[in-house]
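Novice: What follows is a structure written as structure tokens; I'll ask about it next.
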Amino acid sequence: MADRLATRLLPLVFDDLDLKRQLNILDVGAATSESVRFFNRYHCRLHFADLFGETGYRRQHRDRRRPHETVFDRVFDFPHGTLFDICLFWDFLNYLDMTLLRDLAQTLRRHVHEGTRAHAFVPFSNALPFPGMRFGLENAEALAIKTEPPPAPHPHTNKVIARSFWPFFVSRATLLDENRQELFLEVRLDA
Amino acid sequence: MFEKRRDTNDHVTSPLQSQSPVASASTPNRPASPKATIGPTIVVNGKISGDEAMVIAGRCEGSISLPQNTLTILSGGHVRANVEANVVEIEGQVEGDVDGVDKVVITATGRMEGNIKAPRVILNDGAKFKGSIDMDPGTAETAKAAPKRVTPDKVKLTGDGRPVEVARPPPAAASRPTGPR
Chain D
0 MADRLATRLL PLVFDDLDLK RQLNILDVGA ATSESVRFFN RYHCRLHFAD LFGETGYRRQ
60 HRDRRRPHET VFDRVFDFPH GTLFDICLFW DFLNYLDMTL LRDLAQTLRR HVHEGTRAHA
120 FVPFSNALPF PGMRFGLENA EALAIKTEPP PAPHPHTNKV IARSFWPFFV SRATLLDENR
180 QELFLEVRLD A
Chain L
0 MFEKRRDTND HVTSPLQSQS PVASASTPNR PASPKATIGP TIVVNGKISG DEAMVIAGRC
60 EGSISLPQNT LTILSGGHVR ANVEANVVEI EGQVEGDVDG VDKVVITATG RMEGNIKAPR
120 VILNDGAKFK GSIDMDPGTA ETAKAAPKRV TPDKVKLTGD GRPVEVARPP PAAASRPTGP
180 R
């Protein structure tokens, strides 16, 4: 049974969406019944990358890479020209070391635009525990959550994300319970 | 929805399975709503198309086209094909793209890797899916009742997550809607 987590910044992600065209949404986690039900309301293309899963980045990371190719170039097989309007990172960024964090940003640079919004969770302090979780979008203000050990191995604070995740920049941050900080990110490609 | 039965060993049987591995709607004295069935030991390679519902408990590779009917892939069934059907129910495993005219349902035992295109998609708890989902609830509404649909310019969400359509103001009065931003 999933618990619920109230969110204050996720409504910003869905605010003022242009519904004239199909929305492109990236969810880096596994497909959940809650998220699919939520997005059934929208004319959208919803990409579930399932980066935590067996076909995710870990397997690709073990393989030898070609020069200038990031782990995520192989994992993401989006159609050419795909530009995401919304990226839902959940707490995935905290599973990546600095190299992989920059790799993810580099790969996504080709798939975002100046209007892209994103959402992520990071710890407020690296000195405190930051349990691993799985998230489903119950509604714009509440998430279905399940605690899934092990805890995220590379917790990144707000400052690290702000410094190392270009073209995403932290537009707003809010402190939640249990050392959890919620980030609303926007994209600035010319920064 | 489907009159299938599971015995104590969790072996899946369909109403038609006991008659023949592949049953057709032309059999006399058949009850309403016939379903062709690919039995658990059957392997099909190639193109399947038709105008009746189908249940797959075996293995199919190639393509499946049943645009007016329901396709059910039972637990234990394995489809490696591009699929088109009015309703697609996935209890087994699917590798390929699925086009559901009305809807696609992945049940708790379902596993799918590929892309889904359907007006409505239902994913039950426990289902595994990797790929993209193209959803357009407007298509389902149009197909069912053809109501007059106003395409909104912008959307806002209510507390329960329902999108509220916001009409564009006239140019003279146009201003950016205020949000929590």
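Protein sequence lines correspond, in order, to chains D and L.
Residue numbering for the first sequence follows numbering that gives the first Met the number 0, starting at 0 and increasing by one per position.
Residue numbering for the second sequence follows numbering that gives the first Met the number 0, starting at 0 and increasing by one per position.
Cβ coordinates follow ideal geometry from the N, Cα and C atoms, glycine included.
(1) Ignore the nearest five residues each way along the sequence and tell me which others in Val-27/D's own chain have a CB closer than 6 Å to its CB.
(2) Is the CB of His-46/D under 7 Å away from at least one CB in chain L?
(3) Ignore the nearest five residues each way along the sequence and tell me which others in Asp-124/L's own chain have a CB closer than 7 Å to its CB.
(4) Quick check: what's the CA-CA separation for Ile-132/L versus Arg-171/D?
(5) Is Leu-25/D near the ligand SAH, in the sense that its beta carbon is under 6 Å from a heavy atom of that ligand?
(6) Express the C-alpha separation of His-42/D and Val-54/L in angstroms, rounding to a whole number.
(7) Compare the C-beta of Cys-86/D against all C-beta atoms of chain L and say whether one is closer than 7 Å.
(8) Closer than 7 Å by beta-carbon distance: list the chain L residues that pair up with Asn-125/D, in chain order.
(9) Can you check DSSP and say which residues form a bridge with Ile-63/L?
(10) List the endpoints of the continuous beta strand (DSSP E) containing Ile-41/L.
(11) Quick check on this structure: which residue in Ala-139/D, Glu-137/D, Arg-133/D has the alpha carbon closest to the alpha carbon of Pro-149/D?
(12) Measuring alpha carbon to alpha carbon, tell me which of Glu-147/D, Phe-167/D, Pro-130/D, Leu-188/D ends up nearest Asn-178/D.
(13) Thr-173/D by DSSP, collapsed to three states: which one?
(14) Within the chosen definition, does the region 87-102 of chain L reach the region 112-126 of chain L through at least 3 CB pairs nearer than 8 Å?
(15) Could you say which of His-79/D, Gln-21/D, Arg-7/D lies nearest to Pro-136/L if we only look at CA atoms?
(16) Spatial neighbours of Ser-34/D within its chain, please: C-beta separation below 7 Å, excluding the five flanking residues on both sides.
(17) Tell me the DSSP bridge mates of Gly-130/L?
(18) Go through its chain and collect everything with a Cβ distance to Val-104/L's Cβ below 6 Å, but skip five positions before and after it.
(19) If we count the other Cβ atoms within 10 Å of its Cβ and call it buried at 16 or more, is Pro-10/D buried or exposed?
(20) Does any residue of chain D bring its CB to less than 7 Å from the CB of Val-97/L?
(21) Between Phe-83/D and His-118/D, is the Cβ-Cβ spacing less than 7 Å?
(22) Looking at C-alpha atoms only, which residue of Ile-160/D, Pro-166/D, Leu-95/D, His-46/D is the closest neighbour of Leu-188/D?
(23) Counting C-beta neighbours from all protein chains within 10 Å, is the total for Pro-146/L 16 or more, i.e. buried, or is it exposed?
(24) If you follow the beta strand (DSSP E) that Gln-180/D is in, where does it begin and where does it stop?
(25) Under a CB-based cut-off of 7 Å, is His-42/D close to chain L?
(26) Would Asn-39/D pass as an interface residue toward chain L - the criterion being a Cβ-Cβ separation below 7 Å?
(27) Would you mind stating whether Phe-71/D and Thr-106/D have Cβ atoms separated by less than 7 Å?
(28) Just verifying my parser: in three-state terms, what is the DSSP assignment at Val-97/L?
(29) Restricting to Cα atoms, I'd like to know which of Leu-142/D, Asn-23/D, Leu-8/D is closest to His-112/D.
(30) Which residues, in order along the region 121-140 of chain L, keep a beta-carbon less than 9 Å from a beta-carbon of chain D?
(31) Looking at Leu-18/D and Phe-183/D, is the spacing between their C-beta atoms short of 7 Å?
(32) Compare the C-alpha of His-155/D against each of Thr-98/D, Glu-185/D, Leu-142/D and name the closest.
Specialist: The short version:
(1) In the first sequence, counting from the first residue as 1, residue 27/D sits at position 28. Hits under 6 Å: Ala-48, Leu-50, Phe-88, Phe-91.
(2) For the purposes of this step, residue 46/D is taken as residue 47 along the first sequence, with counting starting at 1. Judged by the 7 Å Cβ criterion, His-46/D is in contact with chain L.
(3) If you number the second sequence from 1, residue 124/L lands on position 125. Within the same chain, Asp-124/L has close Cβ partners Ala-107.
(4) In the second sequence, counting from the first residue as 1, residue 132/L sits at position 133. In the first sequence, counting from the first residue as 1, residue 171/D sits at position 172. When rounded, the distance between both Cα atoms is 29 Å.
(5) The ligand SAH is absent from the structure shown, which contains no ligands of any kind.
(6) Your numbering for residue 54/L matches position 55 in the second sequence. Your numbering for residue 42/D matches position 43 in the first sequence. Roughly 30 Å between the two C-alpha positions.
(7) As a first step, residue 86/D must be located in the first sequence, where it is residue number 87. Not one chain L Cβ lies under 7 Å of Cys-86/D.
(8) Translated into positions along the first sequence, residue 125/D becomes position 126. Neighbours of Asn-125/D on chain L: none; closest Cβ ~29 Å, over 7 Å.
(9) Looking up residue 63/L in the second sequence gives position 64. In DSSP, Ile-63/L forms a bridge with Ile-47/L, Val-82/L.
(10) Numbered from its first residue, the second sequence carries residue 41/L at position 42. First-last for Ile-41/L: undefined, no H or E at that position.
(11) By 1-based counting over the first sequence, the position of residue 149/D is 150. The shortest C-alpha separation from Pro-149/D is found at Arg-133/D.
(12) Along the first sequence, one-based indexing puts residue 178/D at 179. Here the closest residue by C-alpha is Pro-130/D.
(13) Taking the first residue of the first sequence as position 1, residue 173/D is located at position 174. Three-state result, Thr-173/D: strand.
(14) yes
(15) As a position in the second sequence, residue 136/L is number 137, starting the count at 1. Pro-136/L has its Cα closest to that of Gln-21/D, out of His-79/D, Gln-21/D, Arg-7/D.
(16) Here the question's residue 34/D lines up with position 35 in the first sequence. So the qualifying residues of the chain are Asp-26, Gly-135, Leu-136.
(17) Walking along the second sequence from the start, residue 130/L turns up at place 131. Partner(s): Phe-47/D.
(18) Taking the first residue of the second sequence as position 1, residue 104/L is located at position 105. Excluding positions up to five away in sequence, the list reads Glu-88, Ile-121.
(19) Residue mapping note: residue 10/D aligns to position 11 of the first sequence, counting from 1. Counting Cβ neighbours within 10 Å, Pro-10/D comes out buried, since at least 16 surround it.
(20) For this step, residue 97/L is matched to residue 98 along the second sequence. Not closer than 7 Å to any Cβ of chain D, the Cβ of Val-97/L fails to qualify, so no.
(21) By 1-based counting over the first sequence, the position of residue 83/D is 84. By 1-based counting over the first sequence, the position of residue 118/D is 119. Not in contact: Phe-83/D and His-118/D (Cβ atoms no closer than 7 Å).
(22) For the purposes of this step, residue 188/D is identified with residue 189 of the first sequence, where counting begins at 1. It is Pro-166/D.
(23) Position 147 of the second sequence holds residue 146/L. Interpretation of Pro-146/L is limited by its pLDDT of 39, a score under 50 that renders its predicted location unreliable; no figure is taken from the coordinates.
(24) Within the first sequence, residue 180/D is the residue found at index 181, counting from 1. Note, Gln-180/D: beta strand (DSSP E), 179-186.
(25) Your numbering for residue 42/D matches position 43 in the first sequence. At least one chain L Cβ lies under 7 Å of His-42/D.
(26) Numbered from its first residue, the first sequence carries residue 39/D at position 40. Yes, Asn-39/D counts as interfacial toward chain L.
(27) Against the first sequence, residue 71/D aligns to sequence position 72. Against the first sequence, residue 106/D aligns to sequence position 107. It is a contact, given that the beta carbons lie within the stated cut-off.
(28) Along the second sequence, one-based indexing puts residue 97/L at 98. Residue state, collapsed to three classes: strand.
(29) Here residue 112/D corresponds to residue number 113 of the first sequence, with the count starting at 1. Answer by Cα proximity: Asn-23/D.
(30) Ile-121, Leu-122, Asn-123, Asp-124, Gly-125, Ala-126, Lys-127, Phe-128, Lys-129, Gly-130, Ser-131, Ile-132, Asp-133, Met-134, Asp-135, Pro-136, Gly-137, Thr-138
(31) As a first step, residue 183/D is located in the first sequence; it is residue number 184 there, counting from the start. As a first step, residue 18/D is located in the first sequence; it is residue number 19 there, counting from the start. No, Cβ-Cβ distance for Phe-183/D and Leu-18/D is not below 7 Å.
(32) On the first sequence, residue 155/D is found 156 positions in, with the first residue counted as 1. Ranking Thr-98/D, Glu-185/D, Leu-142/D by Cα distance to His-155/D puts Thr-98/D first.
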